[in-house]
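Structure, as structure tokens:
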Amino acid sequence: MTSSPASGTYIPSRRPRRLRTSPVMRNFTAETDLNPNRFVLPMFIADHENSASAEPTPISSLPGVVQHTEDSLLTAIEEAIEAGVAAVDLFGVPLPEDKDATGTAGIAEDGVLNKALARARKEFGDDVLIIADTCLDEFTDHGHCGVLSTDRWGHTIIDNDATLDSYAAMAVAQAEAGAHIVSPSGMMDGQVRRIREALDAAGHQDVSIMAYSAKYASAFYGPFREAVGSSLEGDRRQYQQDARNLRESLLETQLDIDEGADIVMVKPAMPYLDVLREVAEMSTVPVAAYQVSGEYAMISAAAERGWLDREACILESLTGIARAGADIILTYWATEAAKLLSR
């Protein structure tokens, strides 16, 4: 601070506000930029018994998000590409009668997800990165991410090692269908190594793995359960992470990197920005964060009631995720946010 001889008042010698004086100045000095090239649009593709006449099905808890038909999926991917979005992440929603104890519909070549992957890759080639969700939960009649078994005391458990074989088969099927990236989200120990070995053995050395490395057993997944028609009863705390733990995330992430993950992920994003920051600081590979269904639903619901400025909150929430260290952001607003940024 310096003083004015005339008045005796203090005059600041440093004025940070100088760099906020206009939109051009603020953009010029911004520390964090949102780039649609780093956005991923999660999309749901549903099996329809009569796909020729079926329409996309709105998801009530995710306003503006739908369970797509194959045709509407392609239209929405085209819109995303035109807006500048670089990648889409596909989740399959099978018919209830196609679910079973081991999720075989997720591996089958004619399953809803693999058919959609094949059609999208044929339609768009390398114009957009096609990511496949590599998990069994949408396809099992019990809704868990793995194969069920019984321990020596008669308790139902998720059989980690048996599940790895299913993940490996699923990843290879998705790569055969055309996925550029497979994305194991089940939080099974050793899943990345097993999938990498299977992909390489099948000749898919160029297919990348985006690992859900720090995936928490979160209450923020509620709307997603509706979106995929989940059959889950109970919870996934046996295998997804405890919200009270951070060091565990760093261990999980390092294990995935050591096993061959090309990208690691923190999920959810908003309640775990501290975890995201720590992971970003230690990771030697790109870091993704998933702005999950509950985050989307909260902002959407408040905006519908006039309590929040919807567009401003979309961009602010994504900026916070990027500022915390995310190189890649999965968000249901990917296309809309890309359009907002182009204004």
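Just add 16 to wherever you are in the sequence shown, counting from 1, and you've got the working numbering. No residue lacks a Cβ here, since even glycine has one placed at the ideal position from N, Cα and C. Predicted, not measured: the structure shown is a model, and the values here were computed from it.
When C-beta atoms of the segment 106–117 are compared with those of the segment 142–159, three or more pairs fall below 8 Å, so the two segments count as touching. DSSP places aspartate 105 inside the beta strand (DSSP E), whose first and last residues are 103–109. Judged by their CB atoms, serine 316 and valine 291 are not nearer to each other than the 7 Å cut-off.
Taking 3 residues as the minimum length, the beta strand (DSSP E) runs contained wholly in the segment 25–110 are 55–62, 82–84 and 103–109, in order along the chain.
For leucine 248, no beta strand (DSSP E) segment is defined, and its DSSP state is neither H nor E. Excluding sequence positions up to five before and after alanine 185, its CB lies within less than 7 Å of the CB of Ile123, all in the same chain and listed in chain order.
The beta-bridge partner set that DSSP reports for tyrosine 232 consists of Gln257. By the CB criterion at 7 Å, valine 144 and aspartate 105 fall outside the cutoff. Per DSSP, the unbroken beta strand (DSSP E) holding threonine 166 starts and ends at 163–166. Exclusion of the five residues before and after proline 284 leaves Ser234, Phe236 and Val308 as the residues of its chain whose Cβ lies within less than 6 Å of its Cβ. Looking only at Asp167, Glu139, Gln270 and Asp222, the smallest Cα-Cα distance to valine 303 is reached by Gln270. Taking every protein chain shown into account, the CB of glycine 341 has 16 or more other CB atoms within 10 angstroms, so this residue is buried. As computed with DSSP, serine 358 is found in no beta bridge at all. Taking C-beta atoms as the reference points, methionine 204 and glutamine 256 fail to come closer than 7 Å.
The closest CA to that of glutamate 71, considering only Phe60, Thr85, Ile61 and Pro79, is found on Thr85. Shown here, aspartate 175 sits in a strand according to DSSP, grouped into three states. Methionine 281 is bridged by DSSP to Tyr228 and Ala304. Straight-line spacing of the CA atoms in asparagine 176 and alanine 350 works out to 33 Å.
In the same chain as threonine 179, and ignoring 5 residues on each side of it, the C-beta atoms closer than 6 Å to its own belong to Gly162, Val163 and Met204, in chain order. Taking the Cα positions, glutamate 94 is about 32 Å away from serine 299. Nearest Cα to proline 110 within the set Ala102, Tyr306, Ala96 and Gln83: Gln83. DSSP places valine 128 in the helix class (H, G or I) of the three-state scheme. The beta carbons of serine 333 and methionine 281 sit about 17 Å from each other, so the pair does not count as a contact at 8 Å. One thing to note: isoleucine 146 has its Cβ no nearer than 7 Å to the Cβ of serine 199. Cβ contact annotation for arginine 252 (same chain, cutoff 6 Å, sequence separation greater than five): Ala233, in chain order. Nearest in C-alpha terms to aspartate 272, of all of Lys231, Ser247 and Ala102, is Lys231. For alanine 214, the enclosing alpha helix (DSSP H) has its first and last residue at 207–217.
Following the DSSP letters along the chain, one finds threonine 150 inside the beta strand (DSSP E) bounded by residues 145–150.
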